[in-house]
Amino acid sequence: MASETMSYREALRAGLEEALNQDPRVFLMGEDVGRYGGCYAVSKGLLAQFGAERIIDTPLCESGFVGVGIGAALGGMRPIVEVMTVNFSLLAMDQIVNTAATLRHMSGGQFHVPLVIRMACGAGRQLAAQHSHSWENFYAHIPGLKVLSPATHSDARYMLGQALADPNPVLIFEHVMLLNEPGTVPDKPDAPMETALIRRPGTDISLITYGGNLPKALTAAEQLQQDGISAEVVDLRCLRPLDKPTLLNSVRKTHRAVLIDEGWQTGSLAGEISAIIMEDGFWSLDAPVRRVCSAEVPIPYPRHLEQAALPQVEQIVTTAKAVMEGR
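Counting from 1 along the sequence shown, just add 1285 to a position and that's the residue number in this note's numbering.
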């Protein structure tokens, strides 16, 4: 299989470029996506390549331009709406939750909303509390939406095309700490977008995670291996719908699980996955499920406090060892 090395940001841009080239109905819309090239430079150069009718700068009005995207999708277009950061998506909550997520069901399947909304998420860049949260947990709660979290360069490259082919509104969360990282992109997707993948096989404990915490889980697995613990790393990839068979099969093999989630523990996706394991995999467990989540505070600005609030490799290793030792 041929492959190419690029940054995560370049992989996202390659996905955008391919979508715009393949379908004239596709357009990109959002704050600063055109002349500025996107607040994280993901769409840099696309305005010159595709023109102002397909790369559209919008005012600071999230509810307005997300609503325009819904209308365009209903009218037969394939809009990609970029919300600068996940915290700002809350300003468009009514459009996303009350309109995009509900129209197919309220119309008895007569209307589809093939809308893709991309947004940056996560912490680690000292952008403080209003730019650093992990609201993908919340959107994964909403029926009618599909929620993707590309953690690898391959998923950053190919998940957009898969999302555009889906008749439902799809939200893609791009973790800010992955943007500059180089990686390998194969010439085709790893799997359908709704499939969870085993990124590292193991036999003693399952580390279940997604998005920006996948590299931390893989590093933790390497450190655990040095102590003789074989950790399997499960990349959820799609947070709604969850690929329950894959994560349950991993737990049935390893009999232990640690869930790593950058959201707050209270009401977290990790809590939902823990409940799934308890309901459908309880008799496979040799130890209670444990969670590594963010501290229950708004993400701080000072670097040392920001890092203290986030899941870290050392916490994952310590928690996994505690599970192995029955503590």
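Backbone N, C-alpha and C define an ideal beta-carbon position, used for all residues, glycine too.
| Check | Outcome |
| --- | --- |
| Taking buried to mean at least 16 other C-beta atoms within 10 Å of its own C-beta, is Cys1632 buried or exposed? | Outside the shown range of the chain, which is 1286 to 1612, sits residue 1632, and nothing can be said about it. |
| Taking the C-alpha atoms as reference points, what is the distance between Ala1505 and Arg1294? | 25 Å |
| How many angstroms separate the CA atom of Asp1451 from the CA atom of Val1327? | 22 Å |
| Are there three or more Cβ pairs, one per stretch, closer than 8 Å when the region 1326-1345 is compared with the region 1306-1318? | yes |
| Ends of the alpha helix (DSSP H) at Thr1603? | Val1598 to Met1609 |
| What does Ser1579 pair with, by DSSP beta-bridge criteria? | Trp1549 |
| What residue range is occupied by the uninterrupted beta strand (DSSP E) comprising His1460? | Val1455 to His1460 |
| If you follow the beta strand (DSSP E) that Ile1355 is in, where does it begin and where does it stop? | From DSSP, Ile1355 is part of no beta strand (DSSP E) but of the alpha helix (DSSP H) over Glu1347 to Leu1359. |
| Pull up the distance between the alpha-carbon of Ala1469 and that of Met1314, whole angstroms please. | Looking at the sequence shown, residue 1469 is not Ala but Thr. Approximately 28 Å between the Cα atoms of the pair. |
| Note the first and the last residue of the continuous alpha helix (DSSP H) segment covering Leu1463. | First-last for Leu1463: undefined, no H or E at that position. |
| Between Ser1491 and Gln1550, what straight-line distance do the alpha-carbon atoms span, to the nearest angstrom? | 18 Å |
| Comparing alpha-carbon positions, which option in Asn1534, Gly1496, Thr1370 and Pro1526 lies nearest Pro1435? | Gly1496 |
| Out of Val1582, Asp1546 and Gly1446, point me to the one whose CA is closest to Leu1524's CA. | Asp1546 |
| To the nearest angstrom, report how far apart Pro1364 and Thr1437 are at their CA atoms. | 24 Å |
| If we count the other Cβ atoms within 10 Å of its Cβ and call it buried at 16 or more, is Pro1399 buried or exposed? | buried |
| Do you know how far the Cα of Leu1449 is from the Cα of Arg1310? | 11 Å |
| Using CA atoms only, rank isn't needed, just tell me which of Asn1453, Leu1521 and Val1351 is closest to Glu1421. | Leu1521 |
| Cα separation between Leu1544 and Lys1538? | 16 Å |
| Quick one: give me the first and last residue of the beta strand (DSSP E) that Phe1385 is part of. | Looking at the sequence itself, residue 1385 is Ala, so the reference to Phe does not match. Ala1385 -> no beta strand (DSSP E), and no H or E assigned at all. |
| Nearest-angstrom Cα distance between Asp1472 and Arg1612? | 45 Å |
| Excluding sequence positions up to five away, which residues of its chain have a Cβ less than 7 Å from the Cβ of Thr1370? | Met1404, Ala1405 and His1416 |
| Quick one: Cα of Pro1530 to Cα of Asn1372, how far? | 31 Å |
| Helix, strand or coil for Met1478 per DSSP? | coil |
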